[in-house]
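Taking my numbering, the leading residue of the sequence shown gets 93, the next gets one more, and so forth. A short worksheet on the structure shown next.
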Amino acid sequence: EELKPAKKILFYAPPTQQGLEIMREILNSLSLCSQPHQEWVLLPMVSVSLVASDLGDQLTDALVRARQVQVEEHHTANALPGPVIFLGMDAPELPLGELVSAFEHPDTALLCPSDDGGYGMLSVPATADADSIFDGIRWSDPLTAVAQLKNLTDGGVPVRIGQLMHDMDEPDDVLNLCARLRIHHLQDSSLLPSLPNNAKANAAPSVDS
């Protein structure tokens with residue numbers, strides 16, 4: 093069965109006109125799509141205190157609004173909404189196989205843990221309760237993924253565990269990424285999207301670890 097095209101939503105910060113313009117420039121510069129303003133939905137992150145921000149509140153708000161976009165989209169197409177898939181911006185090695193798996197099993201959550209105890213991808217089924225999924229989770233903690241798994245199972249949501257992902261938090265993480273990309277370069281070219289020609293011409297030299 094062929095997978096239908098997914099609606100791509102980018103939540104940007106700061107939630108200002110300047111933040112919106114920056115995201116539009118990024119989409120255009122990376123040539124991620126021919127008509128980025130039409131193929132991407134750009135939504136501002138919920139405004140929170142910079143001193144005591146709660147990622148859980150932001151993700152809950154993002155889930156609710158993403159589902160609203162789905163309802164509008166699928167009402168027109170006369171189809172049922174699918175899962176909402178969160179991808180971390182600091183985990184650039186996009187697991188394409190896991191994305192396909194998430195769409196093939198829309199009634200099951202899929203969590204891809206990261207090597208620092210968090211997670212880089214989470215697929216949330218349409219039936220999962222938005223109010224409780226991210227409630228009370230301690231972020232940037234070695235047990236963040238475990239806490240997220242518990243929240244889902246406590247809410248009666250079946251969960252599958254996907255492949256390990258790697259966050260980019262420290263300088264050494266970038267060096268390790270370069271090493272992995274060198275290994276995968278000839279093995280699998282689907283890990284990352286192709287760079288535009290101008291980016292290839294200006295690419296930095298490889299870093300040896």
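Think of the CB as a built atom: it goes at the ideal place given N, C-alpha and C, for glycine as much as any other residue. Values in this document were obtained by computation on a predicted structure and should not be read as measured data.
With 16 or more neighbouring CB atoms inside 10 Å of its own CB, Ser215 falls in the buried class.
By a beta-carbon distance limit of 8 Å, Lys99 contacts Val161. Their separation comes to about 6 Å.
For Phe103, same chain residues with a beta-carbon under 6 Å away, outside a window of 5 residues either side, are Leu135, Met137 and Ala154 in chain order. When DSSP reads this structure, Cys204 sits in a beta bridge with Met213. In the three-state reduction of the DSSP assignment, Arg252 falls in the strand class, which pools E and B. Between Ile229 and Leu147, the C-beta gap is smaller than 9 Å, which places the two residues in contact. The closest CA to that of Thr219, considering only Asp261, Val176, Trp132 and Thr236, is found on Val176.
Here Met257 really is in contact with Ser206; their C-beta atoms are around 5 Å apart, less than 8 Å. The criterion of a C-beta distance shorter than 9 Å is satisfied by Thr200 and Val251.
A straight line joining the alpha-carbon of Gly210 with that of Glu165 spans about 31 Å. By the C-beta density criterion, Glu190 is buried, having at least 16 other C-beta atoms within 10 angstroms.
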